[in-house]
Amino acid sequence: MTVFGVPLAAILGQLMLGLVNGSFYALLSLGLAVIFGLLGIVNFAHGAFYMLGAFAAYIGLQFFGVNYWCALILAPLAVGLLGIVIERLFLRRLYRLDPLYGLLLTFGIALIAEGIMRGLFGASGKSYPVPTLLQGGLNLGFMMLPIYRAWAVLASLTVCAVTWVLIERTRLGATLRAATENAQLVQAFGINVPLLITSTYGAGVGLAALAGVLAAPVVQVSPLMGSSLVIVVFAVVVIGGIGSITGAIVSGLVLGLIEGLTKVIYPEASNIVVFVIMAVVLMWRPTGLFGKE
Amino acid sequence: MRAHTVVYVALAIMALVAPILGLYPVFLMKVLCFAMFACAFNLLLGYTKMLSFGHAAYFGSSAYVTGWLVAVNGWGTIEGILAGVAVAMLLGLVIGAIAVRRQGIYFAMITLALAQLVFFVCLQAKFTGGENGLQGIPRGSLFGMIDLGRDKTMYYFVLAVFVAVYILISRIVHSPFGQVLKAIRANEPRAISIGYEIDRYKLAAFVLSASLAGLAGSLKALVLGFATLSDVSQGTSGEVILMTLLGGSGTFLGPVVGANIVVTLQEYLSDLVGAWVSVIIGAIFVVCVMVFRRGFVGEIQRMFTGRNRS
């Protein structure tokens with residue numbers, strides 16, 4: 077069976093890949109949106125934390141025999157902790173300044189993290205084995221579904237959904253949203269806002285690291301794996317409307333799918349399609365699809 | 018004012034005699050090209066407070082266009098440079114028109130994303146030579162008379178262009194147009210309420226900055242004889258930000274000082290420490306943002322003018 081002269085199985089395969097990428101975009105842009113909402117900082121180091129998450133899993137397996145499932149918990153915790161240290165040491169001192177300084181600082185941190193990993197492990201990619209439980213594929217009749225990819229999508233979407241519920245439907249989330257609106261007032265109600273900010277940054281960074289661990293078996297683990305990804309995620313966030321959590325998740329997924337489709341129809345454009353869409357959206361709705369001024 | 022004159026005269030003498038004193042002219046030209054690039058960038062960041070995170074797009078695409086026209090199509094040096102600048106200008110017009118609709122952090126993200134688009138186009142286009150880039154770009158001659166192949170001749174040509182650009186930028190900043198830009202930097206809503214169509218002013222500044230960045234890129238391609246993907250990459254966009262920040266954004270000499278430091282560091286450190294260079298660059302970034310936001314020239318100016326103006 078073919079569509080536009082392309083075998084259906086190939087289209088579905090690319091769509092599946094697109095969905096995997098899209099779920100990573102969603103996870104990353106979700107973290108960016110949450111951090112931006114509360115801290116007012118665009119975290120340029122988000123790609124670097126994603127890379128560190130993947131490397132934490134790789135290092136854990138190679139040197140300490142930590143398996144995938146433990147890495148899934150431990151890597152985000154370790155990288156999140158690093159994020160907390162960075163927030164306490166550096167970001168904290170920039171809140172009263174122009175938000176551009178936060179962008180520049182995190183850009184510097186990303187350079188440092190990537191440079192260190194390149195110095196230690198070289199620039200070439202390392203492969204991370206798919207855990208035994210998730211190896212192989214399911215034959216759906218019309219296509220082969222690699223189990224790991226299905227798991228990566230499912231896991232990312234579950235985490236996105238849980239985070240959404242946490243922020244939109246719980247008391248903690250309500251406090252968080254209130255602090256986004258007016259931090260001083262929330263502080264006056266006796267809530268420890270600095271602690272809230274620190275843990276939010278840690279959590280956002282942890283989400284990036286989690287995406288890194290999930291991605292490790294499907295992409296090559298390399299020091300530069302996050303540096304071009306973070307720009308795509310920026311574009312996703314701009315399209316979704318900055319600070320909008322729903323926008324981040326939805327546009328992440330949809331853009332991943334569109335990217336996958338482009339790979340089938342016109343492969344040369346697959347790298348740029350997200351940026352082109354961003355330009356079009358900006359001309360039509362400068363605040364993004366889900367954004368409000 | 019007199020201190021300024023002394024500084025400029027000293028710098029001019031240094032620039033004129035540097036190659037005679039045995040400093041490697043190609044290195045000096047590289048510094049001049051990046052200084053020009055940083056000055057062009059500073060026109061945006063320093064005087065309009067627009068942080069473009071994708072200035073490598075103009076620098077690099079102009080380098081490619083000039084290189085391709087001169088090396089493959091046999092164009093003359095001047096025509097090649099002008100064509101490169103024209104492409105950078107057009108690109109600046111298109112990207113600027115989209116980006117100036119948003120401010121601050123959004124503007125930075127949009128320019129970054131659109132520059133990445135330019136990067137991927139350069140990666141896939143045929144004429145750029147893909148991963149290999151363009152090699153063996155000849156310098157040609159000026160008006161068919163002056164051969165630019167000799168390093169010292171080329172150096173004085175680049176120096177002359179640099180001085181012209183530097184004077185042009187200071188004229189722009191001190192012109193009524195530059196005053197409006199500063200007004201926008203100081204208080205955007207007020208500038209709007211006075212009746213300025215600020216988007217037009219911002220776009221004009223953006224196009225000017227992109228064109229001059231393109232000029233720097235064209236010259237760089239001719240000086241070094243190659244144009245590669247790294248010229249259009251995110252890393253180069255970051256470097257020009259660092260140069261401006263380190264030297265002092267919003268000061269005239271700051272970007273020049275910053276370009277000197279960063280290019281020198283890269284030249285010597287890349288042999289010494291290899292991949293760790295980016296760690297050092299990143300660390301300088303962090304230090305600049307945390308404790309050194311005025312940059313070298315900004316700090317020196319503050320020492321001289323006293324602390325009352327802060």
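Protein chains in written order, with this note's numbering: chain A, 77 to 369; chain B, 18 to 327.
Where a beta carbon is used, it is the ideal one built from N, C-alpha and C, also for glycine.
Three CB pairs or more closer than 8 Å across the region 108 to 119 of chain B and the region 178 to 185 of chain B: Taking 8 Å as the limit for Cβ pairs, the verdict is that the region 178 to 185 of chain B does not touch the region 108 to 119 of chain B.
Buried or exposed by the 16-neighbour rule on C-beta atoms within 10 Å, applied to residue 149/A: Here the question's residue 149/A lines up with position 73 in the first sequence. Around the beta-carbon of residue 149/A, fewer than 16 other beta-carbon atoms lie within 10 Å, marking it exposed.
Below-8 Å beta-carbon distance, residue 326/B vs any chain A residue: The residue you call residue 326/B lines up with position 309 of the second sequence. At residue 326/B, the pLDDT of 47 sits below 50, so the modelled position is not reliable and the matter cannot be decided from this model.
8 Å Cβ cutoff, residue 260/B in contact with chain A: Mapped onto the second sequence, residue 260/B falls at position 243. Answer no: the Cβ-Cβ gap between residue 260/B and chain A never drops below 8 Å.
Expected contact under 8 Å - CB spacing of residue 225/A and residue 294/A to nearest Å: For the purposes of this step, residue 225/A is taken as the residue at position 149 of the first sequence. For the purposes of this step, residue 294/A is taken as the residue at position 218 of the first sequence. Contact flag correct, Cβ pair sits at about 7 Å.
DSSP state of residue 100/B mapped onto helix, strand, coil: Translated into positions along the second sequence, residue 100/B becomes position 83. If DSSP states are grouped into helix, strand and coil, residue 100/B belongs with the helices.
Presumed contact (8 Å Cβ cut-off) between residue 111/A and residue 276/A, rounded CB distance: For the purposes of this step, residue 111/A is taken as the residue at position 35 of the first sequence. For the purposes of this step, residue 276/A is taken as the residue at position 200 of the first sequence. About 7 Å; that satisfies the 8 Å criterion.
Own chain residues within Cβ distance below 7 Å of residue 40/A, not counting five before or after: Given that chain A is displayed from residue 77 to residue 369, the structure contains no residue 40/A and the question cannot be resolved.
Residue of 292/B, 64/B, 28/B minimising C-alpha distance to residue 299/A: Residue 299/A sits at position 223 when you count from the first residue of the first sequence. Selected option, being the one with the closest Cα: 292/B.
Listed by chain order, chain A residues near residue 123/B by CB distance under 8 Å: Here the question's residue 123/B lines up with position 106 in the second sequence. For residue 123/B, the chain A residues whose Cβ falls inside 8 Å of its Cβ are 314, 318, in order along the chain.
Amino acids of chain B, ordered along the chain, whose beta-carbon sits closer than 7 Å to that of residue 358/A: By one-based count along the first sequence, residue 358/A stands at place 282. Simply 115, 118, 127.
Beta-carbon proximity of residue 177/A to residue 133/A, cut-off 8 Å: Locating residue 177/A in the first sequence gives position 101, counting from the first residue. Locating residue 133/A in the first sequence gives position 57, counting from the first residue. No, the pair does not count as a contact, with Cβ atoms beyond the cut-off.
Cα-Cα separation between residue 327/B and residue 309/B, rounded to whole angstroms: For the purposes of this step, residue 327/B is identified with residue 310 of the second sequence, where counting begins at 1. For the purposes of this step, residue 309/B is identified with residue 292 of the second sequence, where counting begins at 1. Confidence at residue 327/B is low in this model, with a pLDDT of 41, below 50, so the placement of that residue should be treated as unreliable; the coordinate-derived value is given next. Distance between the alpha carbons of residue 327/B and residue 309/B: 14 Å.
Cβ shell of residue 286/A (< 6 Å), same chain only, five flanking positions each side left out: As a position in the first sequence, residue 286/A is number 210, starting the count at 1. Closer than 6 Å at Cβ, skipping near neighbours: 152.
Selected residue, minimal CA-CA separation from residue 155/B, among 93/B, 286/B, 317/B, 60/B: The sequence position of residue 155/B within the second sequence is 138, counting from 1. That would be 93/B, whose Cα lies nearest to the Cα of residue 155/B.
Contact set between the region 18 to 50 of chain B and chain A, restricted to residues whose Cβ is under 7 Å from the partner: Result list empty, no residue passes.
Residue 282/B vs residue 189/B beta-carbon contact at 8 Å: Taking the second sequence and counting its residues from 1, the one referred to as residue 282/B is at position 265. Taking the second sequence and counting its residues from 1, the one referred to as residue 189/B is at position 172. Contact flag unset, no.
Residue 74/B versus residue 221/B - alpha carbon distance: Within the second sequence, numbered from 1, the residue matching residue 74/B stands at position 57. Within the second sequence, numbered from 1, the residue matching residue 221/B stands at position 204. Using only the alpha carbons, I get a separation of about 17 Å.
Cutoff 8 Å: residue 276/B Cβ touching any chain A Cβ: Along the second sequence, one-based indexing puts residue 276/B at 259. For residue 276/B, the closest Cβ of chain A is not nearer than 8 Å.
4 or more residues per run - each alpha helix (DSSP H) lying fully within the region 121 to 164 of chain A: 122 to 140
CB contact below 8 Å: residue 335/A versus chain B: In the first sequence, residue 335/A corresponds to position 259, counting from 1. No, because no Cβ of chain B sits closer than 8 Å to the Cβ of residue 335/A.
Cutoff 8 Å; reference residue 129/B; Cβ partners in own chain excluding five residues on either side: On the second sequence, residue 129/B is found 112 positions in, with the first residue counted as 1. The answer, listed in chain order, is 70, 71, 251, 254.
Cβ of residue 251/B within 8 Å of any chain A Cβ: In the second sequence, the residue the question calls residue 251/B occupies position 234. True, the Cβ-Cβ gap to chain A drops below 8 Å.
Reduced DSSP category for residue 326/B - H, G, I as helix; E, B as strand; rest coil: Counted from its first residue, the second sequence places residue 326/B at position 309. Below a pLDDT of 50, predicted positions are generally treated as unreliable, and residue 326/B, at 47, falls in that range; the measurement from the model is reported next regardless. It is helical.
Short-range partners of chain A found in the region 278 to 301 of chain B, where Cβ spacing is below 9 Å: 290, 291, 292, 293, 294, 295, 296, 297, 298, 299, 300, 301
Residues near residue 345/A by beta carbon distance below 6 Å, same chain, minus five either side: The residue labelled residue 345/A in the question sits at position 269 within the first sequence. Closer than 6 Å at Cβ, skipping near neighbours: 338.
Chain A contact residues for residue 255/B, given Cβ-Cβ distances below 8 Å: Within the second sequence, the letter at position 238 stands for residue 255/B. What residue 255/B touches in chain A: 183, 187.
Supposed close pair residue 107/A, residue 283/A - CB separation, criterion 8 Å: In the first sequence, the residue the question calls residue 107/A occupies position 31. In the first sequence, the residue the question calls residue 283/A occupies position 207. Confirmed, Cβ separation roughly 4 Å.
Buried or exposed (CB count within 10 angstroms, at least 16 for buried), residue 311/B: Numbered from 1 along the second sequence, position 294 holds the residue referred to as residue 311/B. Residue 311/B is classed as buried because its beta carbon has at least 16 other beta carbons within 10 Å across all chains shown.
Min CB distance residue 289/A to chain B below 8 Å: Numbered from 1 along the first sequence, position 213 holds the residue referred to as residue 289/A. By this cut-off, residue 289/A is not an interface position.
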